[in-house]
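Residue numbers (this note's numbering): 647 to 1159.
One structure below.
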């Protein structure tokens, strides 16, 4: 008999762990949706200001832009991280360490509060990248806000690192550390220790996530040192490399944690297996390397950067889009091919439409990552277009589907209506960014009144796309509110009925049982 997992937890203990994991994850999703709604409203406010339907002080606009970027990306990462953890606990029977996870969630919330205080009261406004040395120029924000936000982000990063190590420990105990990357599949198609795709993908995320967190902690600690002693100075290009090793990797890992959830949950709705094999192992192991080297495309404009690194940026930007995406999309097509109408529930619909948004946003990112295009597009609205695409119509739809599964809602019609609303309004909202990028409307501008020649044309394009985008963004949020209503129609027994399916129970058996 093949060994799937190393330990066989007692059924009662397993059920208690799963209940605890459910409670912590449900709280995390409530926090994330609250952040998303608040930051979504601020996003609409920014577009209203750019469309001259609202008049914000530029200092306030940029503090809102900083807050929106930091909390929206951070909040969605929390959803992906805790969602993957819950599915791993429920579907593999690994140890939950729910107390640690709850403590780390609390630390993240405290960090979020620090960011809110620093940007709203302190008007901290260097942008969510916090590119060096902009935080220390502070023409419109006091010095204390720099220390506040930097310390808050460092606290959040430490909390997330704790979560990564907790999950790594649990998976190592369950499967054996040497088996987590799936290399045993190279020696046998039926290895002695099998792992689920979500285990492999999560392990890839844990490794790259640790590298990203170390990079992020390095530049944040340096920021704190300079904040305490302004005489200390750092190399600008070094800091930018550290920032994008963190930022680019972190953004991709948000997607990949959720992709692991799709691998695991989609078969529950299609009735078709989606297993680990050599192709899946090769795809995800190569992705682990490619993602860490693709960030160089963010530094094309830094001409002092070594030219060889610039070429590596383009090569690995293209390469990183192939293995995991191709294998996942082909696997997803196999899952939904000729899927009967009765099986097209809300969850598989969000997973499928989210994959479409992932591909569209990824393709737009590759367009921008091409050096010749980058010179034209990178400082335009094309950039927020592509990352809003795979965030808003990609991973956010996956989060909606996972949360619907988590709470056990049965309001299928209401949820599907909300989904249709968000897809139509969402792509309309995104199209305004793409059109703005095509028309060379610059990004990071609070308004377009003083845009360069020909200002009358550029400002008109910028304001028009912002106005339409604001309306469509508000409609998207209305669809989201409708979705939140659908979560209230919960199957009564869902929360208490947490025993693992039969295949999971077998997966937790050891030889001889």
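Idealized CB from N, CA, C, for every residue including glycine.
Note that the coordinates shown come from a computational prediction; the quantities given were computed from them, not determined experimentally.
Query raised in the report: What did DSSP end up calling residue 919 once you bin it into helix, strand or coil?
Result: If you number the chain shown from 1, residue 919 lands on position 273. Residue 919: coil per DSSP, three-state reduction.
Query raised in the report: Between the C-alpha atoms of residue 821 and residue 846, what's the straight-line distance to the nearest angstrom?
Result: Sequence index remark: in the chain shown, residue 821 carries index 175 (1-based). Sequence index remark: in the chain shown, residue 846 carries index 200 (1-based). Those two C-alpha atoms are separated by around 11 Å.
Query raised in the report: Buried or exposed: which applies to residue 875, given that a residue is buried once 16 or more other Cβ atoms fall within 10 Å of its Cβ?
Result: The residue given as residue 875 occupies position 229 in the chain shown. Result: exposed.
Query raised in the report: Cα separation between residue 974 and residue 902?
Result: What you label residue 974 is simply residue 328 of the chain shown in a count that begins at 1. What you label residue 902 is simply residue 256 of the chain shown in a count that begins at 1. Between residue 974 and residue 902, the C-alpha separation is close to 10 Å.
Query - Separation of residue 936 from residue 895, as counted between CA atoms - result: Within the chain shown, the letter at position 249 stands for residue 895. Within the chain shown, the letter at position 290 stands for residue 936. Looking at the backbone, the Cα of residue 895 and that of residue 936 are separated by about 10 Å.
Query raised in the report: Between the beta-carbon of residue 1128 and the beta-carbon of residue 1055, is there less than 8 Å?
Result: The residue you call residue 1128 lines up with position 482 of the chain shown. The residue you call residue 1055 lines up with position 409 of the chain shown. In this structure, the beta-carbon distance from residue 1128 to residue 1055 does not fall below 8 Å.
Query raised in the report: Distance, Cα to Cα, residue 913 vs residue 1123?
Result: For the purposes of this step, residue 913 is taken as residue 267 along the chain shown, with counting starting at 1. For the purposes of this step, residue 1123 is taken as residue 477 along the chain shown, with counting starting at 1. A straight-line Cα-Cα distance of about 30 Å links residue 913 and residue 1123.
Requested in this report: Measure the alpha-carbon distance for residue 1075 versus residue 711 and round it to whole angstroms.
Outcome: Taking the first residue of the chain shown as 1, we reach residue 1075 at position 429. Taking the first residue of the chain shown as 1, we reach residue 711 at position 65. Taking the CA atoms as reference points, residue 1075 sits about 17 Å from residue 711.
**Report entry** Distance, residue 754 Cα to residue 853 Cα
**Finding:** Residue mapping note: residue 853 aligns to position 207 of the chain shown, counting from 1. Residue mapping note: residue 754 aligns to position 108 of the chain shown, counting from 1. The C-alpha of residue 754 is placed about 21 Å away from the C-alpha of residue 853.
Query raised in the report: Taking the alpha helix (DSSP H) that residue 1014 falls in, what are its first and last residues?
Result: Here residue 1014 refers to the residue found at position 368 of the chain shown. In the DSSP assignment, residue 1014 falls within the alpha helix (DSSP H) that extends over 992-1015.
Query raised in the report: Contact check, residue 1092 vs residue 704 under 8 Å by CB: the rounded distance?
Result: Here the question's residue 1092 lines up with position 446 in the chain shown. Here the question's residue 704 lines up with position 58 in the chain shown. With 8 Å as the limit, residue 1092 and residue 704 qualify as a contact, their Cβ atoms being about 5 Å apart.
Query raised in the report: Could you give the uninterrupted runs of the alpha helix (DSSP H) lying entirely in the stretch 785-866, keeping only those of 4 residues or more?
Result: When DSSP assignments are scanned along the stretch 785-866, the uninterrupted stretches of alpha helix (DSSP H) that are 4 or more residues long and fall wholly within it turn out to be 789-821.
Requested in this report: Determine the direct distance from the alpha carbon of residue 803 to that of residue 904, and round the result to whole angstroms.
Outcome: Along the chain shown, one-based indexing puts residue 904 at 258. Along the chain shown, one-based indexing puts residue 803 at 157. Those two C-alpha atoms are separated by around 19 Å.
Query raised in the report: Are there three or more Cβ pairs, one per stretch, closer than 8 Å when the stretch 924-932 is compared with the stretch 810-830?
Result: Yes, the stretch 924-932 touches the stretch 810-830.
Query raised in the report: Applying the criterion that 16 or more other CB atoms from any shown protein chain within 10 Å of the CB defines a buried residue, is residue 881 buried or exposed?
Result: Within the chain shown, residue 881 is the residue found at index 235, counting from 1. Exposed: under 16 other Cβ atoms inside 10 Å.
**Report entry** Outcome for residue 1087 when other beta-carbon atoms lying within 10 angstroms are tallied against a minimum of 16
**Finding:** Taking the chain shown and counting its residues from 1, one reaches residue 1087 at position 441. With 16 or more neighbouring CB atoms inside 10 Å of its own CB, residue 1087 falls in the buried class.
Query raised in the report: Contact check, residue 906 vs residue 730 under 8 Å by CB: the rounded distance?
Result: Position 260 of the chain shown holds residue 906. Position 84 of the chain shown holds residue 730. Contact check for residue 906 and residue 730: beta-carbon distance about 6 Å, within the 8 Å limit, so the pair qualifies.
**Report entry** Cβ-based burial, residue 970 [other Cβ within 10 Å; buried from 16]
**Finding:** For the purposes of this step, residue 970 is taken as the residue at position 324 of the chain shown. The residue in question, residue 970, is buried, as its Cβ has 16 or more Cβ neighbours within 10 Å.
Query raised in the report: Whose C-alpha, out of 806, 775, 884 and 823, is nearest the C-alpha of residue 1168?
Result: Since the displayed the chain opens at 647 and closes at 1159, residue 1168 lies outside it and no answer follows.
Report task. Specify the secondary structure class of residue 1035 as computed by DSSP and reduced to three states. Result -> On the chain shown, residue 1035 is found 389 positions in, with the first residue counted as 1. DSSP places residue 1035 in the helix class (H, G or I) of the three-state scheme.
Query - Where residue 1055 sits in the DSSP three-state scheme - result: Here residue 1055 is taken as the residue at index 409 of the chain shown, counted from 1. Here residue 1055 sits in strand by DSSP.
Query raised in the report: For residue 876, which residues does DSSP report across the bridge?
Result: Looking up residue 876 in the chain shown gives position 230. In the DSSP output, where bridge partners are listed per residue, residue 876 has none listed.
Report task. In the DSSP assignment, find the unbroken alpha helix (DSSP H) run with residue 708 in it and report its ends. Result -> As a first step, residue 708 must be located in the chain shown, where it is residue number 62. Annotation: the continuous alpha helix (DSSP H) that includes residue 708 extends over 704-738.
Report task. Write down the C-beta distance between residue 946 and residue 956 rounded to the nearest angstrom, noting that I regard them as a contact closer than 8 Å. Result -> Here residue 946 corresponds to residue number 300 of the chain shown, with the count starting at 1. Here residue 956 corresponds to residue number 310 of the chain shown, with the count starting at 1. Sure, about 6 Å apart at Cβ, within 8 Å.
Requested in this report: Return the bridge partner residues of residue 1088 from the DSSP annotation.
Outcome: For the purposes of this step, residue 1088 is taken as residue 442 along the chain shown, with counting starting at 1. 1026, per the DSSP bridge assignment.
Query raised in the report: Hey, out of 844, 1059, 1121 and 1052, whose CA is closest to residue 1073's CA?
Result: Against the chain shown, residue 1073 aligns to sequence position 427. Residue 1073 has its Cα closest to that of 1121, out of 844, 1059, 1121 and 1052.
**Report entry** Euclidean distance between Cα positions of residue 843 and residue 961
**Finding:** If you number the chain shown from 1, residue 843 lands on position 197. If you number the chain shown from 1, residue 961 lands on position 315. Between the C-alpha atoms of residue 843 and residue 961 there is a straight-line separation of about 27 Å.
Query raised in the report: Identify the residues that DSSP records as bridge partners of residue 761: which are they?
Result: Residue mapping note: residue 761 aligns to position 115 of the chain shown, counting from 1. In the DSSP assignment, residue 761 is bridged to no other residue.
Requested in this report: With DSSP as the reference, label residue 674 as helix, strand or coil.
Outcome: Along the chain shown, one-based indexing puts residue 674 at 28. Looking at residue 674 - three-state DSSP - the assignment turns out to be helix.
Report task. Please report how far the alpha carbon of residue 684 lies from the alpha carbon of residue 743, in whole angstroms. Result -> The count along the chain shown starts at 1 and reaches residue 684 at position 38. The count along the chain shown starts at 1 and reaches residue 743 at position 97. In a straight line, the C-alpha of residue 684 is about 30 Å away from that of residue 743.
Requested in this report: Quickly, what does DSSP pair residue 1136 with across the bridge? List them, please.
Outcome: Residue numbering aside, residue 1136 sits at position 490 when the chain shown is read from its first letter. Per DSSP, 1055.
Query raised in the report: Can you find at least 3 beta carbon pairs, one from the stretch 761-768 and one from the stretch 732-750, that sit closer than 8 Å?
Result: Touching, no, given that fewer than three Cβ pairs across the two stretches are closer than 8 Å.
Query raised in the report: How many angstroms separate the CA atom of residue 920 from the CA atom of residue 979?
Result: For the purposes of this step, residue 920 is identified with residue 274 of the chain shown, where counting begins at 1. For the purposes of this step, residue 979 is identified with residue 333 of the chain shown, where counting begins at 1. Rounded to the nearest whole angstrom, the CA to CA distance from residue 920 to residue 979 is 11 Å.
Report task. With a threshold of 16 other CB atoms inside 10 Å of the CB of residue 1004, please say whether the residue is buried or exposed. Result -> By 1-based counting over the chain shown, the position of residue 1004 is 358. Buried: at least 16 other Cβ atoms inside 10 Å.
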